[in-house]
Amino acid sequence: MGRAAGAGGGGAAAVIEFSLRHQFPGGPALAIDFVAPEGATALFGPSGAGKSSVVGVMAGLLAAQAARVVVDGEVLTDTFRRIHVPVERRRLGLVFQEARLFPHMSVRKNLMYGFIRAPAGEIGFDDVVELLGIAALLERRPHTLSGGERQRVAIGRALLAQPRLRMMEEPVASLDAARKAEILPYLARLKQALALPIVYVTHALDEVYAIADTLVLLEGGQVRAAGPLAEVTSRGDVPLAARDDAGAVLEARVAEHHPARQLSLLRAGPLALWVPLVAGSLGTRLRVRIPAREVILATEAPQGISLHNVLPVLVVAVSEDQARHTAMVELGSGEVRLLARITPDAVARLGLRPGKPVLALVKSMSVDRVG
């Protein structure tokens, strides 16, 4: 499919292989293919992009005209070979936008409902209760819980069913900003603690940044790009780059603390980033985001200015958006990528072209910690 579609995984062994061809009456034709390695795979795109159809086919809830689904080496769906593993035998932990708890049962009984019916597995009751912080809720009924608490219980119930794969469709979309901020750290914590692949469906970029390792961009029933999160978010030729909140995501670690200066130094590959003091020990891994609109490009080092980060990079590619009168410049240093949004006039004045060395100027306050 070329660069626009790509394939997830970055060379890692595929845990999920997915292919779908389907035509809804009066709707778009779906032609969706991707592979994903271990970790969390986010399906991101606008309404009608095909995200829910992917979940339905993967879960065995939607009969497609042509599809193939393989999870961890087992074929769950293959229409050509007439293979269709029943929903109840797929062992997929499903979490939807609404918690869907049994209202007449306590939290403990809701959790045990999935646990006692599941095959023997490695996910223990006490471990899930601790990871999700729901010990104080066990004897309460669902109607007494906040939206965020109900979703944590629903996630716990899905985990205790000993799934081979967690599937979450807009799990925090119905929550207000405070409840959403409450639950996202738990989701990130589960991803670290449990070696289960995740398929996470959302149209909110902040959730993608916090959760995803692999990103699949869907639009109009097709894959526009797929691959490691850091790779896809730093591309200027995909629909994500047209958004006002476009920006590159970097995996970094804490290298130094300077309390007297109220600064910390982060290392992201060969790049050194000064940021306001963070509360992490040396070596702590962080995920950060640098908005494209906050990156300034220069051909010479500036003097007498307040910013701390002057990063030597190479121009990788330039993509012009004529409708918005802007240009997206992909920048690289080793394997690390940044994205800068500037004017076409600036591209011309600086003579920007692939391979040209430039300096990326980034304010410390513009480096956002995510996840």
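Basically this note's numbering = 1-based index in the sequence shown + 10.
Just so you know, even glycine gets a beta-carbon here, dropped at the ideal spot from N, CA and C.
From a predicted model like this one, the values you see are computed outputs, not experimental measurements.
Residue i burial status per 10 Å Cβ neighbour count (16 or more: buried)
{"i": "Pro173", "result": "buried"}
{"i": "Phe28", "result": "buried"}
{"i": "Thr243", "result": "buried"}
{"i": "Phe112", "result": "exposed"}
{"i": "Val97", "result": "exposed"}
{"i": "Pro238", "result": "buried"}
{"i": "Arg245", "result": "buried"}
{"i": "Gly257", "result": "buried"}
{"i": "Gln232", "result": "buried"}
{"i": "Leu287", "result": "exposed"}
Inter-residue spacing [alpha-carbon to alpha-carbon] between residue i and residue j
{"i": "Gln272", "j": "Leu215", "result": "29 Å"}
{"i": "Ala327", "j": "Ile352", "result": "13 Å"}
{"i": "Gly105", "j": "Arg78", "result": "Here residue 105 is Val; the residue named in the question, Gly, does not match the sequence. Using only the alpha carbons, I get a separation of about 22 Å."}
{"i": "Ala73", "j": "Leu250", "result": "30 Å"}
{"i": "Gly314", "j": "Arg110", "result": "58 Å"}
{"i": "Leu71", "j": "Glu179", "result": "14 Å"}
{"i": "Gly290", "j": "Ala52", "result": "27 Å"}
{"i": "Val281", "j": "Gly55", "result": "Sequence check: residue 281 is Leu here, not Val. Spanning the two alpha carbons is a distance of roughly 30 Å."}
{"i": "Val218", "j": "Thr87", "result": "27 Å"}
{"i": "Pro367", "j": "Ala252", "result": "24 Å"}
{"i": "Leu200", "j": "Val285", "result": "27 Å"}
{"i": "Phe135", "j": "Leu170", "result": "7 Å"}
{"i": "Ser343", "j": "Arg303", "result": "19 Å"}
{"i": "Ile306", "j": "His335", "result": "17 Å"}
{"i": "Met382", "j": "Val211", "result": "With the chain covering 11 to 381 only, the question about residue 382 has no answer from this structure."}
{"i": "Ile193", "j": "Ile300", "result": "24 Å"}
{"i": "Ala145", "j": "Ala164", "result": "14 Å"}
{"i": "Asp255", "j": "Glu229", "result": "18 Å"}
{"i": "Ala39", "j": "Lys61", "result": "13 Å"}
{"i": "Gly166", "j": "Val138", "result": "6 Å"}
{"i": "His10", "j": "Ser274", "result": "Residue numbering for the chain in the displayed model covers 11 to 381; residue 10 lies beyond these limits and cannot be assessed."}
{"i": "Arg176", "j": "Gly36", "result": "31 Å"}
Cβ pair residue i, residue j closer than 8 Å
{"i": "Gly293", "j": "Val325", "result": "no"}
{"i": "Val298", "j": "Val182", "result": "no"}
{"i": "Leu276", "j": "Val264", "result": "yes"}
{"i": "Asp382", "j": "Val117", "result": "The structure shown does not extend to residue 382, since the chain is modelled only from 11 through 381, so no value can be given for it."}
{"i": "Leu30", "j": "Ser57", "result": "no"}
{"i": "Leu360", "j": "Thr309", "result": "yes"}
Expected contact under 8 Å - CB spacing of residue i and residue j to nearest Å
{"i": "Val248", "j": "Ala240", "result": "Between Ala240 and Val248 the Cβ distance is about 14 Å, and since that is not below 8 Å, they are no contact."}
{"i": "Leu348", "j": "Val323", "result": "6 Å"}
{"i": "Val357", "j": "Ala350", "result": "About 10 Å separates the two Cβ atoms, so there is no contact after all."}
- Task: Quick one: which unbroken beta strand (DSSP E) runs of 3-plus residues sit fully inside the stretch 331 to 375? Chain order, please.
- Result: 336 to 343, 346 to 352 and 367 to 372
- Message: Restricting to runs no shorter than 3 residues, where is the beta strand (DSSP E) found entirely within the stretch 185 to 254?
- Response: 208 to 212, 224 to 229 and 232 to 238
- Could I get the ranges of all uninterrupted beta strand (DSSP E) runs contained in the stretch 22 to 107, with 3 residues as the minimum, in chain order? 26 to 33, 39 to 46, 50 to 54, 76 to 81, 84 to 88 and 102 to 105
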